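Enquirer: Before anything else, here's the structure in question.
This is the structure:
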């Protein structure tokens with residue numbers, strides 16, 4: 001293709017998977033420079049998003065596995081064990097805190113946190129962030145993370161929430177929030193968390209450039225229907241209006257689904273509803289896409305203890321759902337279900353959707369200009 005205009009060459013190459021592009025970097029210095037350029041990386045990513053291509057699942061069991069998304073139309077699929085992930089040699093459980101634009105955030109019990117691009121095998125270990133609170137009455141800190149892209153600064157950010165619990169009958173909680181910027185490779189303190197988040201293993205849920213949690217207005221972890229967001233651009237908290245519920249006797253959680261914020265309402269011994277906010281921040285845009293009643297026939301799921309949507313099918317007519325340790329396709333129109341079995345994996349612990357990309361961790365962002373302000377300057381601006 002040496003005789004083709006560079007724009008046409010770039011357009012053709014942007015349609016290829018990452019694995020092919022990594023090989024084609026060896027064709028010539030010109031192709032290498034093109035494929036590694038920020039403009040091409042963004043173009044390739046945007047085309048993948050528009051065409052719903054280059055998708056795969058990160059499956060956590062005792063190890064991490066990759067599963068090609070297009071193969072999920074088969075009843076049984078073959079996983080690929082990810083022996084090259086950056087925390088593989090450490091004798092601790094690896095936690096997956098979400099993916100964004102092909103990058104994945106991982107951590108382990110040693111509080112080692114890394115960002116990793118499984119397609120290019122590039123990774124970066126985040127600098128250690130100490131817990132700033134010196135309150136000796138607080139013990140057993142719990143750490144959860146959220147990860148996403150800041151469009152304002154063209155930066156990738158990790159949000160860490162440390163929960164400090166009281167001692168000797170003190171049931172109060174103290175929250176400490178820090179934000180890591182890939183562009184500046186440093187942590188900075190964020191404002192205290194408003195309300196009381198229902199923190200769970202999956203951490204903050206990414207949708208529309210913000211991380212989300214279900215929160216309570218006071219201490220206690222009963223039923224709550226409040227949603228708070230943390231905008232990664234301006235680093236401010238906001239309440240997100242929930243759907244208009246006719247029945248509030250359920251347990252609510254939030255998920256990111258199809259690029260939108262979704263709400264799961266689990267009714268004990270009744271079923272589950274899944275809502276999607278089609279226009280972010282607009283209460284009237286909440287749409288109930290799935291309402292599943294508990295089946296009456298024996299041997300089928302009776303209690304939806306843990307259900308979450310993973311992704312739409314390419315046609316948009318089915319939704320891939322994770323239920324406890326299983327996966328199945330749910331047809332929105334017919335309400336039929338089709339199980340998906342991943343060979344040699346008996347119990348799924350976690351499933352995340354990821355997109356193959358060339359996004360580099362060396363550039364400290366998505367390759368754009370950003371606003372040039374350091375995190376400390378943003379913090380002062382928002383006070």
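In full-length UniProt numbering, the protein residues as written are 1 to 383.
Ideal Cβ positions, reconstructed from N, Cα and C, are used throughout, including at glycine.
Owing to the predicted nature of the structure, the values given are computational and were not obtained by experimental measurement.
Less than 8 Å separating the beta-carbons of residue 148 and residue 356?
Expert: Reading the chain shown from its first residue, position 148 is the one you call residue 148. Reading the chain shown from its first residue, position 356 is the one you call residue 356. No, the Cβ-Cβ distance between residue 148 and residue 356 is not below 8 Å.
Enquirer: Using the rule of at least 16 other Cβ atoms within 10 Å of the residue's Cβ for burial, across every protein chain shown, is residue 248 buried or exposed?
Expert: In the chain shown, residue 248 corresponds to position 248, counting from 1. Classification for residue 248: exposed.
Enquirer: Could you check which residue in 257, 68, 47 has the C-alpha nearest to that of residue 82?
Expert: The residue you call residue 82 lines up with position 82 of the chain shown. With distances taken between Cα atoms, residue 82 lies closest to 68.
Enquirer: Quick one: is residue 27 buried, meaning 16 or more other Cβ sit within 10 Å of its Cβ, or exposed?
Expert: Against the chain shown, residue 27 aligns to sequence position 27. Result: exposed.
Enquirer: Rounded C-beta distance between residue 358 and residue 21? I'm assuming under 8 Å.
Expert: Translated into the one-based positions of the chain shown, residue 358 becomes position 358. Translated into the one-based positions of the chain shown, residue 21 becomes position 21. The pair is a contact, with the Cβ atoms about 7 Å apart (cut-off 8 Å).
Enquirer: Decide if residue 42 is buried, meaning its Cβ has at least 16 other Cβ atoms within 10 Å, or exposed.
Expert: One-based indexing of the chain shown puts residue 42 at position 42. So residue 42 ends up on the buried side.
Enquirer: Taking the alpha carbon of residue 111 as the point to measure from, which residue in 217, 127, 29 has its own alpha carbon closest?
Expert: Start at 1 with the first residue of the chain shown, and residue 111 comes out as number 111. When only C-alpha atoms are compared, the closest one is 127.
Enquirer: DSSP three-state call for residue 291: helix, strand or coil?
Expert: Here the question's residue 291 lines up with position 291 in the chain shown. Residue 291 falls in the strand class under three-state DSSP.
Enquirer: Distance check for residue 160 and residue 107, CA to CA, integer angstroms please.
Expert: Translated into the one-based positions of the chain shown, residue 107 becomes position 107. Translated into the one-based positions of the chain shown, residue 160 becomes position 160. Looking at the two C-alpha atoms, the distance is approximately 11 Å.
Enquirer: Tell me, which residues are paired with residue 271 by DSSP?
Expert: Numbered from 1 along the chain shown, position 271 holds the residue referred to as residue 271. According to DSSP, which records beta bridges pairwise, residue 271 is partnered with 267, 293.
Enquirer: How many Å lie between residue 267 and residue 39 at the Cα?
Expert: Position 267 of the chain shown holds residue 267. Position 39 of the chain shown holds residue 39. So the alpha carbons of these two residues sit roughly 47 Å apart.
Enquirer: Determine the direct distance from the alpha carbon of residue 165 to that of residue 309, and round the result to whole angstroms.
Expert: Here the question's residue 309 lines up with position 309 in the chain shown. Here the question's residue 165 lines up with position 165 in the chain shown. So the two alpha carbons sit approximately 32 Å from each other.
Enquirer: Per DSSP, residue 359 forms a beta bridge with which residues?
Expert: To locate residue 359, count along the chain shown from 1; it is residue 359. Beta-bridge pairing links residue 359 to no other residue.
Enquirer: What would DSSP say about residue 33, mapped onto helix, strand or coil?
Expert: Mapped onto the chain shown, residue 33 falls at position 33. Of the three classes helix, strand and coil, the one that applies to residue 33 here is helix, per DSSP.
Enquirer: Among residues of its own chain, excluding the 5 on either side of residue 279, which ones have a beta-carbon nearer than 8 Å to its beta-carbon?
Expert: Within the chain shown, numbered from 1, the residue matching residue 279 stands at position 279. Cβ neighbours of residue 279 beyond the five flanking positions: 285.
Enquirer: Mind checking residue 35: buried by the 16 CB within 10 Å criterion, or exposed?
Expert: Locating residue 35 in the chain shown gives position 35, counting from the first residue. By the 10 Å Cβ count, residue 35 comes out buried.
Enquirer: Does the stretch 320–338 come within contact of the stretch 94–101, defined as at least 3 CB pairs closer than 8 Å?
Expert: With the cut-off at 8 Å, the stretch 320–338 and the stretch 94–101 do not touch.
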